[in-house]
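Only one structure is covered here, and it is reproduced in the block below.
2 protein chains.
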Amino acid sequence: MIEERVDEGTPAGGQRERIVHATGKLFRDKGYYGASMADIGRAVGLEKGSLYSHITAKHEVLRELAERGAALFLDGVAPIAASGDPTPLRLRAALRVHLRVVAHDSDLATVFLQEWRHLDEDARCGIVRSRDRYELLWRDMVRDGVRDGAFGADTDVEAAVLLFLSAGNWAYQWFDPSGTLTPDEVADRFSALILRGLGQRDGDE
Amino acid sequence: MIEERVDEGTPAGGQRERIVHATGKLFRDKGYYGASMADIGRAVGLEKGSLYSHITAKHEVLRELAERGAALFLDGVAPIAASGDPTPLRLRAALRVHLRVVAHDSDLATVFLQEWRHLDEDARCGIVRSRDRYELLWRDMVRDGVRDGAFGADTDVEAAVLLFLSAGNWAYQWFDPSGTLTPDEVADRFSALILRGLGQRDGDE
DNA sequence: CCTACCGATCGGTAGG
DNA sequence: CCTACCGATCGGTAGG
């Protein structure tokens, strides 16, 4: 779906890809309404009118970027969730993948987490569905952990899921790829804390 | 600072307050660039030109809203941090206050957490300083917990602070004031998980 | 892919 | 507080 293809009338797919990529960075840095078509053109060395040989509308690029972001998170975590590994290992690996996306594809992550609200009704519903499916992957993992005894029977599943996702999602606001900590290191520190909180029973089991 | 005052030349302070309040809601719902002066005027029943009898510029209202949001968090948590209560209790109380602001003043919280990036250089620096001071309140509390023995000596202070703040900040994206859980209940569930993770030593002490 | 342009809207001001 | 307006810019299109 993201692979290159050459349509009649449109130049080589590479140029379109350059435009979409530059647009993602601008949406991340200035927001959807803050980034103008003129800005996007400038970023790729074209006049704004020329962009419409490659894209159909500004909001279509937003939709495409949001869907790509959703796919990165979903396709990254789904195989981990489905693997037979022990639940705490799966959760740790999932948080690693999540933070890698936030760190290395911060433009797509930001559009998926932030700018999606500027989508029109239809596209927004699609993104919401993706978010729900993604959240379900996490919830099922935590539930598995309760069922297989890794976590206490009194575990607050909802709070745990929200804590994992909050830690992962908020990172787009502060994570610095040029900082001292790698995404994996950050993920492991969060995981250690949360898993330690989950692993301890309350004494009634 | 937020109390009503009547300046010469400006009509009763109540009208200005109505405008600022409505603007906060619009910035939260549509973003700074997504909300136009015409939108704001419509929300308070004025023509957009009339708004300038009460405000000087759109970006000045953004600055004011961001500063009000910062004050809510800082003034709410500072006395808790300074109280002599046991560290875990202070952290739990602080997270309650944080989530109350997110829940009951979601417009100010969203502007402070989200829309501040559209501020001009000067104002943005002021907000960054507020964020730093706020983060320091939390860091000092966690450090206190390590020093007084409530948390293990091997505690990952940075990760713990970020986990508290991530849980609190991300809530503006999902918390539903009309939902079943109150802000305090959400805060307590998060606190229980995180504090349990912090309270457990690693066996080398 | 550019030039030139479309109607609409932007934040903000003047003048009353 | 409104009317009328400012220059600038918006997303997008036509025509070549």
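As they're listed, the protein sequences go chains A and B.
Position 127 of the first sequence, counted from 1, bears residue number 858 in my numbering, the numbering being contiguous throughout.
Position 155 of the second sequence, counted from 1, bears residue number 886 in my numbering, the numbering being contiguous throughout.
All C-beta atoms in this analysis are idealised placements derived from N, C-alpha and C, irrespective of residue type, glycine included.
The Cβ neighbour count for Thr-754 (chain A), taken over all protein chains shown within 10 Å, is at least 16; the residue is labelled buried. Among the CB atoms of chain B, one or more fall inside 9 Å of the CB of Ile-925 (chain A). With respect to chain B, the C-beta atom of Glu-889 (chain A) has a partner C-beta closer than 9 Å. Ranked by Cα distance from Trp-905 (chain A), the first of B:Arg-862, B:Ala-774 and B:Arg-827 is B:Arg-862.
Annotated as proximal: Leu-868 (chain A) and Ala-825 (chain A), with beta-carbon spacing under 9 Å. In the three-state DSSP reduction, Ile-786 (chain A) falls in the coil class, being neither helix nor strand. Taking a beta-carbon distance threshold of 9 Å, His-849 (chain B) counts as an interface residue toward chain A. A distance below 9 Å separates the beta carbons of Asp-875 (chain B) and Thr-818 (chain B). Using a Cβ-Cβ cut-off of 8 Å, Arg-920 (chain A) is close to Asp-887, Glu-889 and Ala-890 of chain B, given in chain order. A straight-line Cα-Cα distance of about 22 Å links Phe-804 (chain A) and Asp-851 (chain A).
Tyr-903 (chain B): member of the alpha helix (DSSP H) spanning 888-905, first to last residue. The three-state secondary structure of Ser-837 (chain B), taken from DSSP, is helix. Look at Tyr-865 (chain A): its C-beta is not under 9 Å from any C-beta on chain B. Within the stretch 890-907 of chain B, Ala-890, Ala-891, Leu-893, Leu-894, Leu-896, Ser-897, Ala-898, Gly-899, Asn-900, Trp-901, Ala-902, Gln-904 and Trp-905 place their CB atoms closer than 9 Å to a CB of chain A, listed in sequence order. Residue contact check for Gln-845 (chain B) against chain A: a CB pair falls below 9 Å. Sequence-ordered contacts of the stretch 762-782 of chain B with chain A read Gly-762, Tyr-764 and Gly-765 [C-beta pairs closer than 7 Å]. By the beta-carbon neighbour count (other beta carbons within 10 angstroms, threshold 16), Asp-838 (chain B) is buried. The beta-carbon of Gly-745 (chain B) is placed no less than 9 Å from the nearest beta-carbon of chain A.
In the structure shown, Ala-881 (chain B) falls within a coil segment according to DSSP collapsed to helix, strand and coil. What Gly-857 (chain A) touches in chain B, judged by beta-carbon distance under 7 Å, is nothing: the nearest beta carbon there is about 18 Å away. Membership of Ala-769 (chain B) in the alpha helix (DSSP H) is indicated by the continuous run 768-775.
Against chain B, the beta carbon of Gly-910 (chain A) has no neighbour under 7 Å; the closest one sits roughly 11 Å away. The criterion of a C-beta distance shorter than 9 Å is satisfied by Val-873 (chain A) and Val-888 (chain A). Judged by beta-carbon spacing, Arg-823 (chain A) lies beyond the 9 Å limit of Ser-897 (chain A), meaning their Cβ atoms are not closer than that value. Residues Met-768 of the same chain have their beta carbon placed closer than 7 Å to that of Lys-789 (chain B), with the five preceding and five following residues left out of the count.
Per DSSP, the continuous alpha helix (DSSP H) segment holding Leu-929 (chain A) begins and ends at 914-930.
Taking a cut-off of 8 Å on C-beta distances, the stretch 802-816 of chain B does not touch the stretch 754-763 of chain B, as fewer than three cross pairs fall below it. The beta carbon of Ile-786 (chain B) sits closer than 6 Å to the beta carbons of Val-792 from its chain, once the five residues preceding and following it are set aside; these are given in chain order. Closest by C-alpha distance to Glu-916 (chain B), out of B:Gly-930, B:Val-892, B:His-829 and B:Gly-776, is B:His-829. Along the stretch 786-836 of chain B, the alpha helix (DSSP H) occurs as fully enclosed runs of 4 or more residues at 789-813 and 818-835, listed in sequence order.
Selection B:Gln-746, B:Glu-798 and B:Ala-854 evaluated against Leu-782 (chain B) yields B:Gln-746 as nearest (Cα-Cα). By the 16-neighbour rule on beta-carbons within 10 angstroms, Thr-841 (chain B) is buried. Spanning the alpha carbons of Phe-843 (chain B) and Arg-821 (chain B) requires a straight line of approximately 23 Å.
Looking at A:Ala-774, A:Ile-771, A:Arg-855 and A:Leu-926, the one whose alpha-carbon comes closest to that of Glu-798 (chain A) is A:Arg-855.
Straight-line spacing of the CA atoms in Ala-834 (chain B) and Ala-918 (chain B) works out to 11 Å.
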